[in-house]
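Residue numbers (numbering that gives the first Met the number 0): 0 to 292. Note that CB positions come from ideal geometry on N, CA and C, so glycine has one too. Given the structure is predicted, the values throughout are model-derived calculations rather than measurements.
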Amino acid sequence: MAAITAAMVGALRAKTDAPMMECKKALTEADGDMDRAEEILRVKLGSKASKASSRITAEGVVASYISGNVGALIEINCETDFVTKNDDFIALANTCVKLVAEHNPADVAALGALPLDGKTVEEVRAALVGKIGENMSIRRFVRFETQSKLTSYLHGTRIGVVVEFDAAEEQIGKDVAMHIAAMKPVSLSTEQVPAELIEKERSVAEQKAAESGKPADIAAKMVEGSVQKFLKEVSLLNQPFVKNDKQTVEQMLKASGASVKAFTMFVVGEGIEKKVDDFAAEVAAQVAAAKQA
0 MAAITAAMVG
10 ALRAKTDAPM
20 MECKKALTEA
30 DGDMDRAEEI
40 LRVKLGSKAS
50 KASSRITAEG
60 VVASYISGNV
70 GALIEINCET
80 DFVTKNDDFI
90 ALANTCVKLV
100 AEHNPADVAA
110 LGALPLDGKT
120 VEEVRAALVG
130 KIGENMSIRR
140 FVRFETQSKL
150 TSYLHGTRIG
160 VVVEFDAAEE
170 QIGKDVAMHI
180 AAMKPVSLST
190 EQVPAELIEK
200 ERSVAEQKAA
210 ESGKPADIAA
220 KMVEGSVQKF
230 LKEVSLLNQP
240 FVKNDKQTVE
250 QMLKASGASV
260 KAFTMFVVGE
270 GIEKKVDDFA
280 AEVAAQVAAA
290 KQA
């Protein structure tokens, strides 16, 4: 059995970027053969990535990239908030969003197939999963290419906005992006609010109107009034501007001779069901299983 020295472990770690203990175990299994140890690590890290792939990734970061009239926004998820502060994880997000802008991949799978540092993006992601020991996934991205202007705003790393706009002053676009991050509109105008959201709001309004006991004609007006109020609250152009709530965003834009053509906002983990561990329930289940056995 070959002696495994600290220098050997350090050299393997420098070559693979794997955790120290994993490097020592691989070298021991390979009887000191560095090449064999590297192969063992690749297998083990791949296995670790596979085991982690089923775990929910509701934390993560949003990253943006703009170069001239081309830009992109991306969300990459992980399991815990701790990993969102990892330099390698953040670097992966920043690299991927740039690749989206430059190569215009059709979807997440196409992004994963793009070359990165002699590997593919997917191979780099899997290796990082193995290194950190926590699942991570590229959830979504959007790419802009326009003759108008682009600007972005990141609220920390959890909320990201890209705005496509026309204005003489760049600050107007930045102000709108910050407004979107704060007020979270779902569409640019009332006409663009998704039909399913409107129907959901209408259903709630109808139930409230029915419980009010008002005559049918008054109840109908109550429902319509609630729906119209909702549409104004969730459409960007109709929202009170955060820097001056005496005017709407649309009024602010018109006063400045500006316009917004489109926007995208990502909020980390939005729509992902987070796993909540119930320790008492887990213990009870284990006790019940033990009794059955």
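Taking the alpha-carbon positions, what's the residue i to residue j distance?
{"i": "residue 233", "j": "residue 168", "result": "26 Å"}
{"i": "residue 154", "j": "residue 180", "result": "7 Å"}
{"i": "residue 124", "j": "residue 75", "result": "10 Å"}
{"i": "residue 221", "j": "residue 208", "result": "7 Å"}
{"i": "residue 252", "j": "residue 68", "result": "21 Å"}
{"i": "residue 3", "j": "residue 70", "result": "49 Å"}
{"i": "residue 72", "j": "residue 1", "result": "50 Å"}
{"i": "residue 268", "j": "residue 139", "result": "11 Å"}
{"i": "residue 17", "j": "residue 66", "result": "34 Å"}
{"i": "residue 133", "j": "residue 113", "result": "23 Å"}
{"i": "residue 276", "j": "residue 80", "result": "With a pLDDT of 44 at residue 276, under the threshold of 50, the modelled position of this residue cannot be trusted, and the question is left open."}
{"i": "residue 198", "j": "residue 226", "result": "9 Å"}
{"i": "residue 15", "j": "residue 21", "result": "10 Å"}
{"i": "residue 108", "j": "residue 245", "result": "46 Å"}
Please state whether DSSP places residue i in a helix, a strand or coil.
{"i": "residue 133", "result": "coil"}
{"i": "residue 3", "result": "coil"}
{"i": "residue 74", "result": "strand"}
{"i": "residue 59", "result": "strand"}
{"i": "residue 42", "result": "helix"}
{"i": "residue 69", "result": "strand"}
Write down the C-beta distance between residue i and residue j rounded to the nearest angstrom, noting that I regard them as a contact closer than 8 Å.
{"i": "residue 162", "j": "residue 262", "result": "5 Å"}
{"i": "residue 83", "j": "residue 59", "result": "6 Å"}
{"i": "residue 63", "j": "residue 151", "result": "4 Å"}
{"i": "residue 61", "j": "residue 159", "result": "3 Å"}
{"i": "residue 175", "j": "residue 248", "result": "7 Å"}
Along the chain, which unbroken stretches of the beta strand (DSSP E) at least 3 residues long are found entirely within the stretch 96 to 173? Runs found: 135 to 144, 148 to 154, 158 to 165.
Which runs of the alpha helix (DSSP H) spanning at least 4 residues fall entirely within the stretch 199 to 282, listed in chain order? Qualifying alpha helix (DSSP H) stretches, in chain order: 215 to 233, 248 to 254.
Would the stretch 92 to 105 and the stretch 135 to 150 be scored as touching if the rule is three or more Cβ pairs under 8 Å? Note that the stretch 92 to 105 touches the stretch 135 to 150; at least 3 beta-carbon pairs, one per stretch, sit closer than 8 Å.
Determine, using beta-carbon pairs with one atom in the stretch 182 to 192 and one in the stretch 224 to 240, whether at least three such pairs fall under 8 Å. With the cut-off at 8 Å, the stretch 182 to 192 and the stretch 224 to 240 touch.
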